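Visitor:
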Amino acid sequence: MKKIINLDRRIIFISVALAVIIPTLWIKSMPVSVTVPTQNVYDYIENLPPGATVMICFDYGPSTMPEPTAIAEAVLRHCFTRGVKVIGLTLFAEGIPLAVATLQQIAKEKGAVEGEDYVFLGYRPGPVLVMIGMGTNIANIFGTDYAGTPVSEILLMREVVNYNDIDLVFDIASSNTVEYWIIYAQTKYDVKIAAGTTAVITTQLYPYLQTGQLIGLLNGYLGAAEYETLTGELAKGTVGLNTATAGDNRCLSPSVPQLFHDTARLARGLSKNRVLLHHR
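Everything in the sequence shown is counted per my numbering, starting at 202 for the first residue and increasing by one.
#1: May I ask which residues mark the beginning and end of the alpha helix (DSSP H) holding A313?
#2: Could you check the C-alpha separation between N341 and M332 for me, to the nearest Å?
#3: Within the present structure, is the beta-carbon of F343 separated from the nearest heavy atom of the ligand NAD by less than 6 Å?
#4: Starting from the Cα of F371, find the closest Cα among K311, C258, F281, L292 and give me that residue.
#5: Using 8 Å as the Cβ pair cut-off and three pairs as the minimum, do the stretch 425-438 and the stretch 408-417 touch?
#6: Please report the straight-line C-alpha distance between D366 and Y319, rounded to a whole angstrom.
#7: Buried or exposed for V285, going by 16 or more other Cβ atoms inside 10 Å?
#8: Have a look at A426, W382, P351, L423 and flag the residue whose alpha-carbon is nearest the alpha-carbon of M256.
#9: Buried or exposed: V352, going by 16 or more other Cβ atoms within 10 Å of its Cβ?
#10: Select from A300, V329, N363 the residue whose C-alpha is nearest the C-alpha of L290.
#11: Thinking C-alpha only, which one of P251, L330, P267 is nearest T439?
#12: Assign I215 to buried or exposed, taking buried as 16 or more other Cβ atoms, counted over all protein chains shown, within 10 Å of its Cβ.
#13: Please confirm whether A426 and V233 have their CB atoms less than 7 Å apart.
#14: Taking N241 as the reference, which of L419, K437, N443, T444 has the closest Cα?
#15: Determine the burial state of R278: buried for a count of at least 16 other Cβ atoms within 10 Å of its Cβ, exposed for fewer.
#16: Ignore the nearest five residues each way along the sequence and tell me which others in Q306's own chain have a CB closer than 8 Å to its CB.
#17: Looking at the strands, I want to know which residues DSSP matches up with G397.
#18: With a threshold of 8 Å on Cβ separation, who are the neighbours of P328 within its own chain once the five nearest residues in sequence on each side are excluded?
#19: What does K286 pair with, by DSSP beta-bridge criteria?
#20: Since D260 sits in a beta bridge, which residues does DSSP pair it with?
#21: Quick check on this structure: which residue in A313, I297, Q405 has the alpha carbon closest to the alpha carbon of C280?
#22: By the DSSP assignment, the alpha helix (DSSP H) with N365 in it spans what residues?
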C-alpha cells in the first residue's frame with residue numbers, strides 16, 4: 202500500500218501511454234463476434250454485382266474523425282474489391298478534405314480510377330434540399346464534382362441520374378444526418394439506406410433497424426473491426442478497438458492519471474497528519 206501511495210506520477214502516465222501505444226502498433230484481431238447489423242451491410246454490398254453504385258456520405262468533421270474514418274476505409278475497400286462504383290459527397294463543409302484524403306488513399310491502394318470507379322461530388326449547403334433534390338436529378342444539385350469538373354464529363358455519372366440508379370446510400374455520420382437520410386431519401390424515394398456512426402449515437406438508430414428503414418449499421422470502432430474481420434483486411438477499426446479494449450476509453454482521459462496522482466498526494470498528506478497527531 203505504501204508503494205502505491207508513493208508512486209511517482211511519471212510511472213502512472215507512462216503506464217497509460219503504453220496501454221495506448223502497444224495495442225496501436227499491434228494490428229491483430231481480438232476475438233470479434235460480428236453483429237447482425239454489421240453482417241447485413243457486408244452481405245448487401247457483397248451481393249451487389251460489379252458495376253453497381255453505392256453513394257457514400259462523409260458526414261463528419263475533424264473533431265470526430267477517428268471512428269468514421271475507420272468505417273469509411275473498411276467499406277471503401279470492400280466496394281472497390283467488389284468492383285462497386287462509389288459516389289462520394291458530404292453535408293459538412295469541413296468534411297471535404299477528410300473525404301478526399303480517404304477516397305484517394307483507398308483508391309490508390311485498390312487501383313480504383315477517379316471518374317470511372319469513384320467520384321467525389323463535394324459539398325452543397327442545405328442538407329434537406331440536397332437530399333430531396335438528388336431524388337429528381339443529382340446533376341441539378343451537383344453540377345460539378347469537388348474539383349470543378351462538370352458531371353456530364355465524368356464517365357461514372359453518365360449513367361446515374363437520381364436515386365433510381367443508386368443501389369445503396371451509406372451515411373458515415375457523427376450527428377443526426379442518418380435520420381435526415383431516412384426521412385427525406387428513404388421514405389420519399391425508397392432508396393436503401395445503411396449507416397456507420399460514432400458509438401455515442403448508434404443506439405438512437407436501432408429503432409430504424411427494427412422497422413427496416415436501415416438495412417444495416419456499423420457501430421463505431423467495433424463496427425469497423427467487425428467489417429474488417431468479414432473482409433479479412435485488418436486496419437484502423439481493429440487498431441482502434443484494440444486500443445479501446447486494452448486501455449478502456451474511460452481510463453485514457455488525461456484527468457485519470459492526474460486523479461491517481463492527486464489521490465496518492467492526499468493519502469501521503471493524511472499519513473503525515475496522523476504522524477503529527479501521534480507525536481502531539
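We put the beta carbon where it would ideally sit given N, CA and C, even for glycine.
Quick caveat: nothing in here was measured; it's all calculated off a predicted structure.
Guide: On the basis of the supplied data:
#1: As a working note, residue 313 is residue 112 in the sequence shown. Where A313 is concerned, there is no enclosing alpha helix (DSSP H), given that its DSSP letter is neither H nor E.
#2: To locate residue 341, count along the sequence shown from 1; it is residue 140. To locate residue 332, count along the sequence shown from 1; it is residue 131. Taking the straight line joining both Cα atoms gives about 12 Å.
#3: The ligand NAD is not part of the structure shown, which contains no ligands of any sort.
#4: To locate residue 371, count along the sequence shown from 1; it is residue 170. Of the residues K311, C258, F281, L292, the one whose Cα lies closest to the Cα of F371 is C258.
#5: Contact between the stretch 425-438 and the stretch 408-417 is absent, because fewer than three Cβ pairs lie under 8 Å.
#6: Position 165 of the sequence shown holds residue 366. Position 118 of the sequence shown holds residue 319. Computed Cα separation, rounded: 15 Å.
#7: For the purposes of this step, residue 285 is taken as residue 84 along the sequence shown, with counting starting at 1. It counts as buried.
#8: One-based indexing of the sequence shown puts residue 256 at position 55. Minimum Cα distance to M256 is reached at W382.
#9: Position 151 of the sequence shown, counted from the start, is the residue given in the question as residue 352. Around the beta-carbon of V352, 16 or more other beta-carbon atoms lie within 10 Å, marking it buried.
#10: The residue you call residue 290 lines up with position 89 of the sequence shown. It is A300.
#11: Your numbering for residue 439 matches position 238 in the sequence shown. Restricting attention to P251, L330, P267, the CA atom closest to the CA of T439 is found in P267.
#12: Here residue 215 corresponds to residue number 14 of the sequence shown, with the count starting at 1. Exposed: under 16 other Cβ atoms inside 10 Å.
#13: Translated into positions along the sequence shown, residue 426 becomes position 225. Translated into positions along the sequence shown, residue 233 becomes position 32. A distance below 7 Å separates the beta carbons of A426 and V233.
#14: Within the sequence shown, the letter at position 40 stands for residue 241. If we check each option's Cα against that of N241, L419 comes out closest.
#15: By 1-based counting over the sequence shown, the position of residue 278 is 77. That one is buried.
#16: What you label residue 306 is simply residue 105 of the sequence shown in a count that begins at 1. The residues E274, in chain order, have a CB closer than 8 Å to that of Q306 in the same chain once the five nearest residues on each side in sequence are set aside.
#17: Taking the first residue of the sequence shown as position 1, residue 397 is located at position 196. Bridge partners of G397: I373, L419.
#18: Stepping through the sequence shown from its first residue, residue 328 is reached at position 127. Around P328: L292, T378, Y381.
#19: Start at 1 with the first residue of the sequence shown, and residue 286 comes out as number 85. For K286, which the question treats as bridged, DSSP gives the partners T254.
#20: Along the sequence shown, one-based indexing puts residue 260 at 59. The secondary-structure analysis by DSSP pairs D260 across a beta bridge with A374.
#21: Reading the sequence shown from its first residue, position 79 is the one you call residue 280. Looking at the Cα atoms, A313 is the closest of the given residues.
#22: Here residue 365 is taken as the residue at index 164 of the sequence shown, counted from 1. No alpha helix (DSSP H) contains N365, which DSSP labels as neither H nor E.
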